[in-house]
Structure formats: structure tokens, C-alpha cells
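Take a look at the structure set out below.
4 protein chains.
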Amino acid sequence: MKILVGCDLGYQASGPATLILNIQPAETPRQRVLRETLAITPEGTRTESWTVPGTGNRYLRIHAEAGTALSIHHEAEVELSPHVVDPAGVSQTAPAELPPEVLPHLWPSRFCESDRLERLAQREFCGTPEGHARVTAVCNWVNDRITYLRGASAPTTTATDTLLSGAGVCRDFAHLAVALCRALGIPARFISAHAPGLVPPDFHAVFEAFLGGKWWLFDATRQAPLDALVRIGQGRDAAEAAFAEIHGAATPTGMAVRAEVLEGLDVARGARTTLAVADAAEAP
Amino acid sequence: MKILVGCDLGYQASGPATLILNIQPAETPRQRVLRETLAITPEGTRTESWTVPGTGNRYLRIHAEAGTALSIHHEAEVELSPHVVDPAGVSQTAPAELPPEVLPHLWPSRFCESDRLERLAQREFCGTPEGHARVTAVCNWVNDRITYLRGASAPTTTATDTLLSGAGVCRDFAHLAVALCRALGIPARFISAHAPGLVPPDFHAVFEAFLGGKWWLFDATRQAPLDALVRIGQGRDAAEAAFAEIHGAATPTGMAVRAEVLEGLDVARGARTTLAVADAAEAP
Amino acid sequence: MKILVGCDLGYQASGPATLILNIQPAETPRQRVLRETLAITPEGTRTESWTVPGTGNRYLRIHAEAGTALSIHHEAEVELSPHVVDPAGVSQTAPAELPPEVLPHLWPSRFCESDRLERLAQREFCGTPEGHARVTAVCNWVNDRITYLRGASAPTTTATDTLLSGAGVCRDFAHLAVALCRALGIPARFISAHAPGLVPPDFHAVFEAFLGGKWWLFDATRQAPLDALVRIGQGRDAAEAAFAEIHGAATPTGMAVRAEVLEGLDVARGARTTLAVADAAEAP
Amino acid sequence: MKILVGCDLGYQASGPATLILNIQPAETPRQRVLRETLAITPEGTRTESWTVPGTGNRYLRIHAEAGTALSIHHEAEVELSPHVVDPAGVSQTAPAELPPEVLPHLWPSRFCESDRLERLAQREFCGTPEGHARVTAVCNWVNDRITYLRGASAPTTTATDTLLSGAGVCRDFAHLAVALCRALGIPARFISAHAPGLVPPDFHAVFEAFLGGKWWLFDATRQAPLDALVRIGQGRDAAEAAFAEIHGAATPTGMAVRAEVLEGLDVARGARTTLAVADAAEAP
Chain A
-4 MKILVGCDLG YQASGPATLI LNIQPAETPR QRVLRETLAI TPEGTRTESW
46 TVPGTGNRYL RIHAEAGTAL SIHHEAEVEL SPHVVDPAGV SQTAPAELPP
96 EVLPHLWPSR FCESDRLERL AQREFCGTPE GHARVTAVCN WVNDRITYLR
146 GASAPTTTAT DTLLSGAGVC RDFAHLAVAL CRALGIPARF ISAHAPGLVP
196 PDFHAVFEAF LGGKWWLFDA TRQAPLDALV RIGQGRDAAE AAFAEIHGAA
246 TPTGMAVRAE VLEGLDVARG ARTTLAVADA AEAP
Chain B
-4 MKILVGCDLG YQASGPATLI LNIQPAETPR QRVLRETLAI TPEGTRTESW
46 TVPGTGNRYL RIHAEAGTAL SIHHEAEVEL SPHVVDPAGV SQTAPAELPP
96 EVLPHLWPSR FCESDRLERL AQREFCGTPE GHARVTAVCN WVNDRITYLR
146 GASAPTTTAT DTLLSGAGVC RDFAHLAVAL CRALGIPARF ISAHAPGLVP
196 PDFHAVFEAF LGGKWWLFDA TRQAPLDALV RIGQGRDAAE AAFAEIHGAA
246 TPTGMAVRAE VLEGLDVARG ARTTLAVADA AEAP
Chain C
-4 MKILVGCDLG YQASGPATLI LNIQPAETPR QRVLRETLAI TPEGTRTESW
46 TVPGTGNRYL RIHAEAGTAL SIHHEAEVEL SPHVVDPAGV SQTAPAELPP
96 EVLPHLWPSR FCESDRLERL AQREFCGTPE GHARVTAVCN WVNDRITYLR
146 GASAPTTTAT DTLLSGAGVC RDFAHLAVAL CRALGIPARF ISAHAPGLVP
196 PDFHAVFEAF LGGKWWLFDA TRQAPLDALV RIGQGRDAAE AAFAEIHGAA
246 TPTGMAVRAE VLEGLDVARG ARTTLAVADA AEAP
Chain D
-4 MKILVGCDLG YQASGPATLI LNIQPAETPR QRVLRETLAI TPEGTRTESW
46 TVPGTGNRYL RIHAEAGTAL SIHHEAEVEL SPHVVDPAGV SQTAPAELPP
96 EVLPHLWPSR FCESDRLERL AQREFCGTPE GHARVTAVCN WVNDRITYLR
146 GASAPTTTAT DTLLSGAGVC RDFAHLAVAL CRALGIPARF ISAHAPGLVP
196 PDFHAVFEAF LGGKWWLFDA TRQAPLDALV RIGQGRDAAE AAFAEIHGAA
246 TPTGMAVRAE VLEGLDVARG ARTTLAVADA AEAP
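If you read the sequences in order, they're chains A, B, C and D.
Our numbering puts the first residue of the first sequence at -4, with every later residue one more than the last.
Our numbering puts the first residue of the second sequence at -4, with every later residue one more than the last.
Our numbering puts the first residue of the third sequence at -4, with every later residue one more than the last.
Our numbering puts the first residue of the fourth sequence at -4, with every later residue one more than the last.
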């Protein structure tokens, strides 16, 4: 499947500022970037880029001088060949058997206070079947209880805030689902992504759970087809997978995001949560 | 029904201290104090007492000098004739029709942050029948989700903390139920009480909801018979109905509480939540 | 001093709704309402009004039918003769000597979690002189640390939230100051008011502390002259002194507030926090 | 300097359980483990161990069968040759110049909600000199405001909780200092350690700030000499550097910790916060 993704971002720097962006698709064996354009104006702006070993997150650090109107244009054509299987065969892995590099995804994090939700999670989900089905039960639980509502949350909103308020956006849905998974002993991480079919178009936030030796994608908002997601960043929560961090005196002036299936998927039929979708067919 | 209630409290004052106690049963048309003993040592300790108009809470202010080992002995024989009816006939009152003096019990309070739970409460209880049955549904919901566990909470624990942690004591059960009622537009208040049958004996915390023109008793812990509760204090939450407040340098050294049915009730059969129990047959 | 105050409020009811307003000036021996106009359209709207004994808060309950565009016009001419003295003579009252009806103002409340701030308050203010000067120190501390910033807080924001975030509006300043006073053993309450000189005009929130047998006004924002404040409501925090509560399906469509000194004060010179100002010369 | 460190830990497994321990000293160019003993009973207990690339944290995973009384004995002799310099020469690094691998230590984490403290941190520390002196000012601020008090905090206590409550233990001091550093744009991380001289002996928690291209040690509790600390684990907060994680049905039954200077330091004179101490003389 081929997908065209991209964004246009604008910032105004009233003083010296440093932007750290994570907007480029990750490159994985099953997510290939066929071609990519990145244009930053004004020309001559000092930038650096790097890819983080382990996560594969691609960062761009941009140094803006005082008075600069900065504009970032990104576009990429991505080929996806996700690993899609029957969820019935995706089983849970005991903490005793988890690979060491996966264990940190059981820990609580800034926006996913799983340590405060252990009793609640056990009580709500102890009756559900283990494995992929249990994480699907978590997604359904979150989807039933949280209203998708723009403006209902703030940058400091956490999973427990969302559970109490009953409303949020994609990032909040992902945080609550991740926190519940960890509280159940299932490693989980936050994924920022491009998703075709969002109305209005925007960056999306979903999550992955580690089951049967692999990371599987889930979307508690059920707004996008899982097998057409173009992953950008991963982290334990949004604090570790932000699209943009601003240091210094810059303010956003505009943002447009797009994701379009070029071939290979009828978005309307999208896989959503009925099949198990992973980025890799192999161990992490 | 006659009930014997009482307590022995000890405090050590390392400096000058003022204690404010609310341990004496309220006097209402349906809760009569037949006889009462109050003894404070050392003799000559300066005390004052008053009853608050409106709530009927009876306070005792005790002034302890530095170095005093204070001991308070209280005992009362109380006759209860609660108003007990079929809950099916106890209907809900719209905010438009609530008496002015009841409206403050819709407001959020220190330990009952009903303003943070409106969406959650509506979603969980919109399908339950209105009136007494809805408050019973709230009690059942709390009882199903909260584990009674000594030490699980602290003096600063609120209703939302308890909802998240999934554990607490009688005060926490009452706070969460009160918060949910208010979030549903049902006035609710916190009641401190003597309750026969508690193991181990202790002060108890229950709550009242205002329905059909009257305040009805509920116990989300289901640990005590509602029609044998001897009410002590009422308030919007535990901050307004504490047994003891200490100002200055005193520390508790001991507490023993007792409540015993003298005649008129087989505790084992207690009414619990199956009948509607009120202190009064008339308007508030 | 004569002050003209008033407001125009609009609401649209998409379904049946009940509004409870507390917008009319309190009537006290030192705050006399000389004349007052209240007009509610559409004509024939069902309303009730009452004054709460003890607080003197004046409430208006308005019943709006579905589809109604409700408009409330209020105007009053008020004569103030506040009790103004040298703050040096206003001393602190020990908990042991507080009148019973004042004690509830030592308790923590929904937005003033004084129970969480005791150690911090003792540490910050133990070196300040007791009495009126200590509460002025609290005001200065809050004013130094909190930036007045519209949009920095939400209806659920509490005193501890404000202390951490370092920004808020008048209501947040008042909550934090009240919480610190109570943590210091000084009874304090929230006051909603009309204040001449605010830019832009709006309802104002200040607070009172109980010192030397009387309630004294303080404004931690330092935005209005204390001796020209027209008090509307009082409560332990904003949950108990809201201008408007909405039950049912109504949304605000507009608000304009005005407060104008007619005679007796040069607003520019206003008393602010340099003199001690009380509503009464007698005990509470 | 040579230091002898060790611990004895006991656990009782009532069902199958997995323990993940991080109790062994890290091995770095300036912290050499000269000899080390690790004994786990019962004999034959299944264990695995690994060292995390990047952090150097050494983990031990122990699988306990139901009914096992597990006992872990660890002892190591460690040689320290810390890099100690005059703090005046240790300057601050702008976000624009930070190495990519250091940037995550600017992000908020579970127990260090730096995103909630930005305005407060700027206001409190904008007047202090940049660099090592600013972090020392943070340590002093925390030390002045937080009382060291066992039992004042819980496993879920965060930096903002500690700031409000005004009391905590070493872990809470470290969390608050780390959160303030990050809010000031200074990368900071949590360090678990052995520390000679603690009364009573216990594991210790300190922190590091990234300044002038290196990580420098700080101890906001001022309880241990910085140049005699034996580092065990590092992470963004205690969630990422726990001594012990329990999965399944095991409970701790005992813990004894020891750290003793064998040669090279008079503990009483310890460096504390007057000199700048780093583990490495080179870049991270």
C-alpha cells in the first residue's frame, strides 16, 4: 500500500529559538520511505537531523534567529506492508518472559500513571480473555467511556484526568489505554502517526501493546484504519513522542497535515480493530 | 429501638491545644437522647459546647494546657424511630424544585469533587431509574468498584482519588457516592454516625441524599443496618463533619468506640439498603 | 460613598433549564441598597428569590422553557460606609477564642485545600507579624508569585493548581490566599463583588479574613480599592459563591458588568491594601 | 577511594513471582567494581542478568516459585575516582547545543512534572547565576522548603506533591530538584546509589544535571558526600531506576543495606555540594 503524507508548519520567532521536530516517517522493514521532500525557509536556516537508535524516531533541530518567520514543508511517499494476522493467535507474554528492552514499557510515565490504576484495571479486565482480545477490551472500554471532544484536554492532561473527565482527543485516548495495559502487566507505548481518513486531517495518536513477542497496533479512537497508519514517533507517552518541541521565543503560526492513500486500500473498509496489525513480523 | 453508644478518647498535649469534638448524637424528632454522660479529665478542664442551628451538630471545645493528658468519656442511650418506607415511592426532585437550603448540597466540596465527575456520572447512571433506585445504583456501583481496605487512604484523599485507587474506608465510600449523586443533580451530604455491628467497632461514615422532599440514608459500604444508625454530625463532606479537630500541640493517645442495640433490632437482619430510611417524615 | 453597579446577562435555553443567580448586592448595615432595578425577559418568566440567613447572599432562581432567549438586566445604587482603620491595631484570634460560627472558615474547601498546605504556609509566614500584617504578607506573597493571566485557569482549578502553575485570575488569587490563611489558622472566606476601576469591567473576587473579632477585606490582585467594593456573595470558595449556576440545557450568550463610583471616592487613590477595611464595626 | 557496599533482601512468594532488581553498582571508567559477590537462595533459583546499553543499569531477574522464601545477598568492593572540579567553571548548555541523547532528560516524567512548574521555576531562579551555581540554588531551595520526614510520601508521590506538602525522603528531594532543573531548561536525571554515612543506612537517591557537556552529581538532601557515592541505576525518575520491581505474588520480608568507606575519604569532611563532582571527565 502506498500513502502520501506531509505537513506544512509555520512558526514566528520573536527571539532566538530552537525547534525540535519529529514529523518524518520512521523507516522500518515494513514501512519504506520511497521519496521524501523537506524544505525549510528562510533558506540557510541552520538545521541538524538524527535518528534515535532503538526507537527509530527521526528528529530535526532547527535554529531560528530572532524575527524569523519559519516555514517547514514536508512530504513523503511511503510504502506499507504491515504484518496482519488473526488476533485470536496473538497471546500475552508474562513479565517473566519479556525481553529486557521491553520492560520499560511496563513502567508508569508522565501521562500514563499506570501505578495509580492497578486495582481498577484488574477489576475491570480480569474477566476478559488474555492476549490481543484483552487489549481490544481495553480499547472498547476507553471508547465507551471517553467522548471525543476537541478542547476537552490540555497539554498537561494525564490518563487519570481523562478517565475522570470522560472526554479528550486521540492523545488522551491513547494515554488512557496505555496506562490500563501497563496496569494489567501488558507493555504498551505511544505512537504518533499519519492516518488517512481523519476529519479534519491532523496528526494522529495511537498505541502499541507487546503481545506474543511483537508490538501490535491499536487505536482506541477507532478513527483510522490500522493497516494504513504511517508511524512517525514512538515513546512511552506524548512527552516522549511530541511532533514539535519549542525552546525559546517561537510561537506556532499555522499547521496543515495530509495523508492520502495512493493505492492499495479502500479507506472506508479499513482494518480498524478487527484484525491484529504489527509493523514487524519478527521480534522487537 | 434503643441503642447505647459511646466513646473514650485520649489526647496528650505537649503545648497549649484546643480540641473541637463532634461526638455527641444529634437530637432530632426521631432520634431522642434518653440519657447522656460526658466526663472530661483532668477535672477543671475548660470546655464550651454548642449546637449549630441548621445542622444540629453538637460541638465540644476543650482547652488543654501544656503537659495535660486529656481523657474524654462519652456515653448516651438513644431512642430511634426512623421513618422507613418502600423505596419505590421515593422519587427524585428537580433542581428547579429544591428548597433553597438544600441547594448547597449540589455544590462540589473539598473531598467530593462532583464538578469533575459529571460526564462519568451521566454515562454510568443515565440508564438507571430515577429516585431512590438511582442512589441505590450509585451505592452498588461504589461497592462493586471499591475494596474496603484500612490504610488505603489518607486524610487528604478525595472522591476522585478513591475512584482511581479502587480502595478505601467508610469515609471514602461515602465521599465517592456523595460526589456521584451531586454530579447527577441529586443533593447529597456526609453523615458521621455510631453504627452497631461494625467489626472492629469504630465511628462510621454514611451519607444522605435528598429525594422527594426528604433526606434519605444510604451506606455504600453496606456494613451497618441503616435503621439503627445513630447520627452524630452532618456536613458536605468529612471536612465539615469531623469527629475531632486538633489545634495546637496535642496528639491522640487512644480511642475506643461502642454501639450496642439494647432493644428493638436484630442487627443480623438489619435493613441495610433494601428499605428507604429517613430521620424525618417531614420536609428538611 | 455611592456606587452604581449592574450587569446584563443573556442565556439561550435549548431545553428546560433552571438558572440560579447571585448578582444582587448584599444588604448590610454598612452597605445599603438605595434603589435597585431587575428586569427579566421574556416577561412572565417564572422566578423566585430568597436571601440566605447567615451569609446574606441574595439568590434569584429563573425557570427557562426550551427555546427561550433569556435576558437579565440588573442595576443598583449602593451606599457604602465601610469601617476603615489602621491595620496595626487588627490582631489575630486564636482558634480557642473563635466564635463557633466562624470555625467552618478554617476548614479546607473544594478550591482551597488548606489541609495540603500547612507545612508550606507555616514555613513561609512564621516570620511575619501576626494579625492583619500576616494576611497582608499572604497577599503580597500571592501577588509576587502569581501572574494575572486570563485563560490560565479553568472552573476546576484549585488553590494548589494555581500555586504550581503560577498564573490565574482574580478567583484563583483569592483561592490561594484563602487556603494559605486557613493553613495558618486564620479563618478566611471568598467574596464575590462589584469593583469600580477594573479593566475590562467584570465581576471581581476578593476575600475576607477573620481577625480581632471581625471580617476584614483583602484583594490579593491589588486591582480594586477595598473601600469601594460592593459585596455580592460570600462563601468558603467560588463553589459557594458563584454568580450563576446553570441546571439543564442553557448556555450563556453574553455578559456585561459595570461598577461606577457616583460620589465619594477618587478611584485612582483607592485604599487597596494599605488600610484595614471591614464591612462591619461589630462582631460577625 | 575504595568503598564496600552491599545489601541483604528477603521476599516471600505466596504464588509464582518475578523480581527485577537493580542493586549492583554500575561499571564506568571512574567507578570500577573490584570484586563482587551475589548469592541467591534457595539454590537453583532461576535468574537472568543483563546490562542496559546507554544507561549501564545492571538488572537481575529472579523467578520465584510459589511458597519460596527468597533471600538475596550482594556485596561489592568499588573503586571510585570521580572527576572533581571547581563549580565556577561548569557552565550551562543551551537546548540548541545539547547532544541528541541528552534531550529526553528535558522531558517531564512520571514523578517529575516539569511541564507544570515552568513559570514557578523561571520566577524563583531567573536571578541566580547560570550553570552549576543555578543547580546548587535549586538544591538549596529544595533543602530550605522540604522537611526530611520518613513516611511523608508514598510510592505515587510526585515532585509537585512534594512541593505542596513540604516533606519527603531522598527520592522526593531528587524528584523535585530534577523537575525544577528541567523546567529551567537544564537536563536532569535521577540516580539511585549507595551512600556511606547515611543514618540509618539505606539506599540513597540523588540526581545529575547536564552542564558544560557532562553530567554532574547533586544531592538536594545534603546527606552524603558526593564524591563517595556509588551509583547503581539511572533513569528519568524513580519509575525508571527502581531498586526492586515485583511482578506477581511476592512481598518483601526484610532489607539491610550497607556502604562503608574502606580507604581514601574521611566521610565527615565529605564534598557535599561545595565542589562539582562528575562520574566522567569526558562527554556523555
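Glycine included, C-beta positions come from ideal geometry on N, C-alpha and C.
On a predicted model such as this, the values are computed, not experimentally measured, just so you know.
Under three-state DSSP, which class holds C134/B?
Here residue 134/B is taken as the residue at index 139 of the second sequence, counted from 1. In the structure shown, C134/B sits in a helix (DSSP, three-state: H, G or I).
Name the chain C residues whose beta carbon is nearer than 7 Å to that of G161/D?
Translated into the one-based positions of the fourth sequence, residue 161/D becomes position 166. What G161/D touches in chain C: R114, L115, R118.
Measure the C-alpha to C-alpha separation of A244/B and A178/C and round it to an integer number of angstroms.
Here the question's residue 244/B lines up with position 249 in the second sequence. Here the question's residue 178/C lines up with position 183 in the third sequence. Roughly 15 Å separates the two Cα atoms.
Going by DSSP, what residue range makes up the beta strand (DSSP E) through C121/D?
Reading the fourth sequence from its first residue, position 126 is the one you call residue 121/D. Looking at the DSSP string, C121/D is not in any beta strand (DSSP E), and its letter there is neither H nor E.
Go ahead and label D139/C buried or exposed: buried means 16 or more other beta carbons lie within 10 angstroms of its beta carbon, across all protein chains shown.
Within the third sequence, residue 139/C is the residue found at index 144, counting from 1. Label assigned to D139/C: exposed.
With a CB to CB cut of under 6 Å and the five nearest residues on each side skipped, what residues in its chain are close to Q19/B?
Position 24 of the second sequence holds residue 19/B. Residues R53 of the same chain have their beta carbon placed closer than 6 Å to that of Q19/B, with the five preceding and five following residues left out of the count.
Quick one: give me the first and last residue of the beta strand (DSSP E) that F168/C is part of.
Taking the first residue of the third sequence as position 1, residue 168/C is located at position 173. Counting along the chain, F168/C sits inside no beta strand (DSSP E); it lies in the alpha helix (DSSP H) bounded by residues 165 to 178.
Are A162/C and L144/C touching if we call contact CB-CB under 9 Å?
Within the third sequence, the letter at position 167 stands for residue 162/C. Within the third sequence, the letter at position 149 stands for residue 144/C. Cβ distance < 9 Å, so A162/C and L144/C count as in contact.
Chain A contact for P90/D (CB, 9 Å cutoff):
In the fourth sequence, counting from the first residue as 1, residue 90/D sits at position 95. By this cut-off, P90/D is an interface position.
Report the option in R217/B, T42/B, L221/B whose CA atom is closest to the CA atom of A34/B.
Counting from 1 along the second sequence, the entry for residue 34/B is found at position 39. Shortest Cα-Cα distance from A34/B to any of R217/B, T42/B, L221/B involves T42/B.
Distance between I15/D and E240/D (C-alpha atoms, nearest Å):
Taking the fourth sequence and counting its residues from 1, the one referred to as residue 240/D is at position 245. Taking the fourth sequence and counting its residues from 1, the one referred to as residue 15/D is at position 20. Those two C-alpha atoms are separated by around 5 Å.
State the Cα-Cα distance for the pair P95/B and A128/D, rounded to the nearest angstrom.
Taking the second sequence and counting its residues from 1, one reaches residue 95/B at position 100. Taking the fourth sequence and counting its residues from 1, one reaches residue 128/D at position 133. Linking P95/B to A128/D through their CA atoms gives a straight-line distance of about 59 Å.
G10/D: buried (16+ other C-beta within 10 angstroms of its C-beta) or exposed?
Locating residue 10/D in the fourth sequence gives position 15, counting from the first residue. Per the 10 Å Cβ criterion, exposed.
For chain A, find out if any of its Cβ atoms is closer than 9 Å to the Cβ of Y54/D; answer yes or no.
Along the fourth sequence, one-based indexing puts residue 54/D at 59. Among the CB atoms of chain A, one or more fall inside 9 Å of the CB of Y54/D.
Could one say the Cβ of T268/B lies closer than 9 Å to chain A's Cβ atoms, at least one of them?
Looking up residue 268/B in the second sequence gives position 273. Low per-residue confidence applies at T268/B: pLDDT is 49, beneath 50, and the placement is therefore not dependable enough to give any value.
What do you get for S187/D, buried or exposed, if any count of 16 or more other CB atoms within 10 angstroms of its CB means buried?
In the fourth sequence, counting from the first residue as 1, residue 187/D sits at position 192. It counts as buried.
Start-to-end residues for the beta strand (DSSP E) that takes in T32/A
For the purposes of this step, residue 32/A is taken as the residue at position 37 of the first sequence. Its beta strand (DSSP E) spans residues 26 to 36.
Under 7 Å by beta carbon: chain D residues contacting R177/C:
Counted from its first residue, the third sequence places residue 177/C at position 182. The premise fails here: R177/C is roughly 14 Å from chain D at the closest Cβ pair, so nothing lies under 7 Å.
Which residues in the same chain have their Cβ closer than 7 Å to the Cβ of R111/C, if we skip the five residues on either side of it in sequence?
Your numbering for residue 111/C matches position 116 in the third sequence. The residues are T155.
What did DSSP end up calling E92/C once you bin it into helix, strand or coil?
As a first step, residue 92/C is located in the third sequence; it is residue number 97 there, counting from the start. It is helical.
Which residues in chain C sit within 7 Å of T142/D, going by Cβ to Cβ distance?
Looking up residue 142/D in the fourth sequence gives position 147. Within 7 Å Cβ-Cβ: R114.
Just the C-alpha distance for W136/A and I57/D, rounded to the nearest angstrom, thanks.
Position 141 of the first sequence, counted from the start, is the residue given in the question as residue 136/A. Position 62 of the fourth sequence, counted from the start, is the residue given in the question as residue 57/D. CA-to-CA, the gap between W136/A and I57/D works out to about 34 Å.
Touch test, the stretch -4 to 3 of chain C against the stretch 207 to 221 of chain B, Cβ-Cβ under 8 Å, three pairs minimum:
Segments in contact, no.
For T157/B, go through chain A and note every residue whose CB falls closer than 7 Å to its CB, in chain order.
Here residue 157/B refers to the residue found at position 162 when the second sequence is read from its first residue. Within 7 Å of the CB of T157/B, no CB atom of chain A is found; the nearest one sits about 11 Å away.
Interface residues of chain A facing P150/D [CB-CB closer than 8 Å]:
The residue you call residue 150/D lines up with position 155 of the fourth sequence. Within chain A, the residues placing a beta-carbon under 8 Å from that of P150/D are D110, ordered along the chain.
Does any residue of chain B have a CB that is nearer than 9 Å to the CB of S104/C?
Taking the first residue of the third sequence as position 1, residue 104/C is located at position 109. Chain B contact via Cβ: present.
Residue burial classification, L55/A (beta-carbon count within 10 angstroms, cutoff 16):
Taking the first sequence and counting its residues from 1, one reaches residue 55/A at position 60. Buried: at least 16 other Cβ atoms inside 10 Å.
Own chain, CB closer than 6 Å to P82/D, minus 5 neighbours either side, in chain order
In the fourth sequence, counting from the first residue as 1, residue 82/D sits at position 87. Cβ within range, chain order: H127, A271.
Against chain B, with Cβ distances strictly below 9 Å, would H242/C count as a contact?
Locating residue 242/C in the third sequence gives position 247, where the first residue counts as 1. Closer than 9 Å: yes.
Which residues in chain B sit within 8 Å of W45/C, going by Cβ to Cβ distance?
Along the third sequence, read from residue 1 onward, the residue named residue 45/C stands at position 50. Per Cβ cutoff of 8 Å: P95.
Let me know the secondary structure DSSP gives V225/B once reduced to three states.
As a position in the second sequence, residue 225/B is number 230, starting the count at 1. Three-state DSSP puts V225/B in a strand.
Identify the contact partners of G180/B in chain F, using a Cβ-Cβ distance below 7 Å as the criterion.
Although the question refers to chain F, the structure presented lacks it and instead comprises the protein chains A, B, C and D.
Relative to the alpha-carbon of G146/A, which residue among C134/A, G62/A, R166/A, A132/A has its alpha-carbon at the smallest distance?
As a working mapping, residue 146/A is identified with position 151 in the first sequence. The residue with the shortest Cα to Cα distance from G146/A is R166/A.
G259/D to E74/D, Cα distance in whole Å?
For this step, residue 259/D is matched to residue 264 along the fourth sequence. For this step, residue 74/D is matched to residue 79 along the fourth sequence. Using only the alpha carbons, I get a separation of about 10 Å.
A21/D to R226/D span [Cα, whole Å]:
By one-based count along the fourth sequence, residue 21/D stands at place 26. By one-based count along the fourth sequence, residue 226/D stands at place 231. Each residue's alpha carbon lies about 6 Å from the other.
Give the DSSP-derived three-state secondary structure of E255/D in the structure shown.
By 1-based counting over the fourth sequence, the position of residue 255/D is 260. Of the three classes helix, strand and coil, the one that applies to E255/D here is strand, per DSSP.
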